[in-house]
Structure formats: C-alpha cells, structure tokens
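Visitor: First the structure, which I've put down as structure tokens, then a few questions once you've had a look.
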Amino acid sequence: MSTSSSVTLIMHYLIPLILLCFIKLVYATNFYRDFHILWGNDRGTILNNGKVLMLSLDEHSGSGFQAHKEYIFSRIDVQIKLISGNSAGTVTAFYLGSEGDKRDEIDIEFLGNLTGDPYTLHTNMYTKGKGSREQQFHLWFDPTSSFHTYTIIWNPFMIVIYVDGRPIRVFRNFESIGVPYMKEVPMKAYATLWNGDQWATRGGMIKTNWTDAPFRAWFRNFKSKGCVWWNGETDCSLGRSKTLKHDWYKQKELDLSSQKMLKWVQRNYMIYNYCNDFNRFPNGLPLECYR
Ligand SMILES: *[C@@H]1O[C@H](CO)[C@@H](O)[C@H](O)[C@H]1NC(C)=O
Ligand SMILES: *[C@@H]1O[C@H](CO)[C@@H](O)[C@H](O)[C@H]1NC(C)=O
1 MSTSSSVTLI
11 MHYLIPLILL
21 CFIKLVYATN
31 FYRDFHILWG
41 NDRGTILNNG
51 KVLMLSLDEH
61 SGSGFQAHKE
71 YIFSRIDVQI
81 KLISGNSAGT
91 VTAFYLGSEG
101 DKRDEIDIEF
111 LGNLTGDPYT
121 LHTNMYTKGK
131 GSREQQFHLW
141 FDPTSSFHTY
151 TIIWNPFMIV
161 IYVDGRPIRV
171 FRNFESIGVP
181 YMKEVPMKAY
191 ATLWNGDQWA
201 TRGGMIKTNW
211 TDAPFRAWFR
221 NFKSKGCVWW
231 NGETDCSLGR
241 SKTLKHDWYK
251 QKELDLSSQK
261 MLKWVQRNYM
271 IYNYCNDFNR
281 FPNGLPLECY
291 R
C-alpha cells in the first residue's frame, strides 16, 4: 500500500471510526448502569444489553424505574414507544422528581385511550409540593407505532418540554414575582407505568380493560447531562462544570423558529391549559398565568 493511500485510509475511515466509538462510549444508553427497578419486580425489564427498558402493567401491578444520577438543572432525552391498541386507563410516565415531601417535579404523562382514539400528553410542574399547573396536548403522530423523542430542558431560566425537537411547553422562572422555581433540590429521572383509570381516560369514565393485559411501553436512547449533585453542591455551583458553557443551559429564551413551533403546537394540539381555567381558580389564576 502506498503512503498516500494509507493516509487516506486513516483520514477517511479510521479517525471517524475511532471518534464514533468514542461518542458511543460517552453517550450510549445503558439502563443497567444508569437505572434501577423501583417497583413492580420483573414487570419492568432491561433488554438488548441495556439499550432498551420495557415496562409492563397487569391487574396486580405496574412497574417503575429510577435513574441514579441527580441533577440541579439538566437536559434529559429519551425515546418512548407507547402501548398500542386499547390503552385506556393506563398512564405511562417519564418525569423528573425530587425526594421527600414538598417535592419538585417536572411531569410528562401519557394517558392511554381506546383503540383509534388519541393519547393525551399530560404535563405538570410541581414546586415545593404544589402542582395544579397542567397543560395537555394531543400529538401530531401515532406515538404507539414507533419511537419518538421526548426532551426536558431544565435550566436556571426556564423549563422546556420538547417532542421530536418541537417545544410544546415552557415554564419560566418567575421567582421575581414570587413563584417558587425548581432549583434548590436535585431531581432524577423516573420511568413508570401504572393504572390511572380513576381519572386518566375521559376523566375516568373509561376503565382499563384487563383482557388486553399485560400492557407494555418501551424506552430507549436515554441521555442525561447537567449539573451533577453531590453532597449538597453541584459541579455547576462550584463553578467547575462544562455544563455552564452549554447552549441549553445558558438559553434564556426560545429562538424565533422554536417560538413559532411552540405557537403551532399550542394552537393546534393543546387541549387543556390551567391558565385558561377560570372556573377552577375562582380567586384568581396562579401568578405566572398573568405573564
Ligand atoms: C381520548 O379520546 C377522546 C375522544 O377523541 C379525547 O377527547 C380524549 O382527549 C382522549 N384522551 C384521553 C386521555 O381521554
Ligand atoms: C375488553 O376487551 C375484550 C377483548 O378485546 C372485549 O371482548 C371486551 O368486550 C372488552 N370489555 C369491555 C368492557 O369493553
């Protein structure tokens, strides 16, 4: 082999290959390494060498997993494929939550439906144990036929929930007007599947049909990064985290095209917004709704 062709070989194949392996090492999901079973025994299982997490629900129990790593401010991505067919009454959840009482939480919950009826993507934001900040959406695709990507960006200025890269909800840091923000206690990721037929489908009118059990939902490509919590501090608060330089962390506003997408989703797919629910808050809407 001539020198020039081996240089070409190295440049074109080996270096990219090495880079690719390196990237894979850093980012590859490994549910064995990153998660542990919370409840449901073997109803939740890890498959494909740690690449896929499957949750199931039957008449006796659902199942849940919890991530090990805790962050204050993070970016979490995961791909989910939901229960197909009649999933009425079931709730598949992917959320960030803190421990103890007065929990902080950033919730994404998929409320199942009868075959052919749309899933509802239910979101909520808890600060210091107080929620009641629901927004609900239908989706512009069938979330049961393939995997779709769901992302939570939680930075000091805002929380943004994305579906396949489109922002669907923004919750801003309104501490300046007295609304508590999630930033004091660390949160970690959870994936759970449970029976919510008291309320989930058409407000609880449609119950889970156990003939079709067990129900199954799949998770893959979980990625998390952010300010890692350790012993009462994070590497960001100590000023020595790469996270401080990341765009998702520094971003204070959505860019223009994202703002357009958000409007499009909210105009066409939002089915409930607590900020429009005057009957529910007779003494006035929550403060952040006036902004
Ligand atoms: C189920 O389908 C009905 C009818 O299309 C719809 O109104 C509802 O939002 C859907 N989702 C749930 C969780 O009930
Ligand atoms: C439950 O599902 C089974 C099989 O799909 C069906 O035959 C039955 O009628 C369903 N039950 C109810 C209450 O809808």
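For the sequence shown, position 170 (counting from the first letter as 1) is numbered 170 according to full-length UniProt numbering, and the numbering increases by one without interruption. Backbone N, C-alpha and C define an ideal beta-carbon position, used for all residues, glycine too. This one's a predicted model, so the numbers in the text were calculated from it and none came from an experiment.
1. Quick check on the burial criterion: 16 or more other C-beta atoms within 10 angstroms. Buried or exposed for L287?
2. Using only alpha-carbon positions, find the residue among S56, F31, Q79, G44 that is nearest to H68.
3. What distance in whole Å lies between the Cβ atoms of A189 and L111, which are believed to be in contact at a cut-off of 8 Å?
4. For the beta strand (DSSP E) containing F73, name the first residue and the last one.
5. Report, in whole angstroms, the separation of the C-beta atoms of L254 and V179, which I expect to be a contact under 8 Å.
6. With DSSP as the reference, identify every bridge partner of T45, one or two as the case may be.
7. Using 10 angstroms around the beta-carbon of I177, count the other beta-carbons present and answer buried if the total reaches 16, otherwise exposed.
8. With DSSP run on the structure shown, which of helix, strand or coil describes L285?
9. By Cβ distance, which residues of its chain are closer than 6 Å to F157, with the 5 residues on each side in sequence left out?
10. Taking the DSSP output, what are the residues bridged to K250?
11. Determine the burial state of F219: buried for a count of at least 16 other Cβ atoms within 10 Å of its Cβ, exposed for fewer.
12. Are the Cβ atoms of D101 and G129 separated by less than 8 Å?
13. Identify every residue that forms a DSSP beta bridge with Q135.
14. Measuring CA to CA, which of D34, N41, E59, V163 is closest to K51?
15. Can the beta-carbon of D197 be found less than 8 Å from the beta-carbon of G204?
16. Out of curiosity, what's the CA-to-CA distance linking I271 and L139?
17. Under three-state DSSP, which class holds D197?
18. Looking at the unbroken beta strand (DSSP E) that takes in Y162, where does it start and where does it end?
19. When you compare the CB positions of N86 and T45, do they come within less than 8 Å of one another, or not?
20. In chain order, what residues of the same chain lie with their CB nearer than 6 Å to the CB of T151, ignoring the 5 residues before and after it?
21. Can you pull every residue whose C-beta falls closer than 6 Å to some heavy atom of ligand 2, listed in chain order?
22. I want to check one thing, is the minimum distance from the CB of P118 to the heavy atoms of ligand 1 below 7 Å?
23. Find out if the Cβ-Cβ distance for the pair R216, S74 is shorter than 8 Å.
24. So what's I177 in DSSP terms, helix, strand or just coil?
25. Any heavy atom of ligand 1 closer than 7 Å to the CB of I271?
26. Could you check if A200 belongs to the surroundings of ligand 1, using beta carbon to heavy atom distance under 7 Å?
27. Output the distance between the C-alpha atoms of M261 and G165, rounded to the nearest integer angstrom.
28. Could you pull the start and end residues of the alpha helix (DSSP H) that F222 belongs to?
29. Along the alpha helix (DSSP H) that carries F94, what are the first and last residues, could you check?
Guide: Inspection of the coordinates gives the following:
1. Along the sequence shown, one-based indexing puts residue 287 at 287. By the neighbour-count rule (16 or more Cβ atoms within 10 Å), L287 is not buried but exposed.
2. In the sequence shown, residue 68 corresponds to position 68, counting from 1. Distance check between H68 and each of S56, F31, Q79, G44 places F31 closest, using alpha-carbon atoms only.
3. Residue 111 sits at position 111 when you count from the first residue of the sequence shown. Residue 189 sits at position 189 when you count from the first residue of the sequence shown. At roughly 20 Å, the Cβ-Cβ gap does not stay under 8 Å, so L111 and A189 are not in contact.
4. For the purposes of this step, residue 73 is taken as residue 73 along the sequence shown, with counting starting at 1. Start and end: 71-81.
5. Counting from 1 along the sequence shown, the entry for residue 254 is found at position 254. Counting from 1 along the sequence shown, the entry for residue 179 is found at position 179. At roughly 19 Å, the Cβ-Cβ gap does not stay under 8 Å, so L254 and V179 are not in contact.
6. Here residue 45 corresponds to residue number 45 of the sequence shown, with the count starting at 1. T45 is bridged by DSSP to M54.
7. As a working mapping, residue 177 is identified with position 177 in the sequence shown. So I177 counts as exposed.
8. Translated into the one-based positions of the sequence shown, residue 285 becomes position 285. Three-state result, L285: coil.
9. What you label residue 157 is simply residue 157 of the sequence shown in a count that begins at 1. Around F157: N173, K252.
10. For the purposes of this step, residue 250 is identified with residue 250 of the sequence shown, where counting begins at 1. In the DSSP output, where bridge partners are listed per residue, K250 has none listed.
11. Residue mapping note: residue 219 aligns to position 219 of the sequence shown, counting from 1. Around the beta-carbon of F219, 16 or more other beta-carbon atoms lie within 10 Å, marking it buried.
12. Here residue 101 is taken as the residue at index 101 of the sequence shown, counted from 1. Here residue 129 is taken as the residue at index 129 of the sequence shown, counted from 1. Going by beta carbons, D101 and G129 fall inside the 8 Å limit.
13. Looking up residue 135 in the sequence shown gives position 135. Per DSSP, T123, N273.
14. Translated into the one-based positions of the sequence shown, residue 51 becomes position 51. Checked all of D34, N41, E59, V163; the closest Cα to K51 is D34.
15. Numbered from 1 along the sequence shown, position 197 holds the residue referred to as residue 197. Numbered from 1 along the sequence shown, position 204 holds the residue referred to as residue 204. The criterion of a C-beta distance shorter than 8 Å is satisfied by D197 and G204.
16. As a first step, residue 271 must be located in the sequence shown, where it is residue number 271. As a first step, residue 139 must be located in the sequence shown, where it is residue number 139. Their backbone Cα atoms lie some 10 Å apart in a straight line.
17. The sequence position of residue 197 within the sequence shown is 197, counting from 1. DSSP, read as helix, strand or coil, puts D197 in coil.
18. Along the sequence shown, one-based indexing puts residue 162 at 162. Y162 -> beta strand (DSSP E) spans 158-163.
19. For the purposes of this step, residue 86 is identified with residue 86 of the sequence shown, where counting begins at 1. For the purposes of this step, residue 45 is identified with residue 45 of the sequence shown, where counting begins at 1. Their beta carbons are not under 8 Å apart, which means N86 does not touch T45 by this criterion.
20. Your numbering for residue 151 matches position 151 in the sequence shown. The residues are D77, Y162.
21. These are the residues, in chain order, with a beta carbon less than 6 Å from any non-hydrogen atom of ligand 2: N209, T211, D212.
22. If you number the sequence shown from 1, residue 118 lands on position 118. Within the cutoff, so yes.
23. As a position in the sequence shown, residue 216 is number 216, starting the count at 1. As a position in the sequence shown, residue 74 is number 74, starting the count at 1. In this structure, the beta-carbon distance from R216 to S74 does not fall below 8 Å.
24. Taking the sequence shown and counting its residues from 1, the one referred to as residue 177 is at position 177. Three-state DSSP puts I177 in a helix.
25. Here the question's residue 271 lines up with position 271 in the sequence shown. Of the heavy atoms belonging to ligand 1, at least one sits nearer than 7 Å to the Cβ of I271.
26. One-based indexing of the sequence shown puts residue 200 at position 200. A200: yes, Cβ under 7 Å from ligand 1.
27. The residue given as residue 261 occupies position 261 in the sequence shown. The residue given as residue 165 occupies position 165 in the sequence shown. If you take the alpha carbons of M261 and G165, they lie about 10 Å apart.
28. As a working mapping, residue 222 is identified with position 222 in the sequence shown. Where F222 is concerned, there is no enclosing alpha helix (DSSP H), although the beta strand (DSSP E) around it starts and stops at 215-230.
29. Along the sequence shown, read from residue 1 onward, the residue named residue 94 stands at position 94. Premise fails: F94 lies in the beta strand (DSSP E), 90-97, not in any alpha helix (DSSP H).
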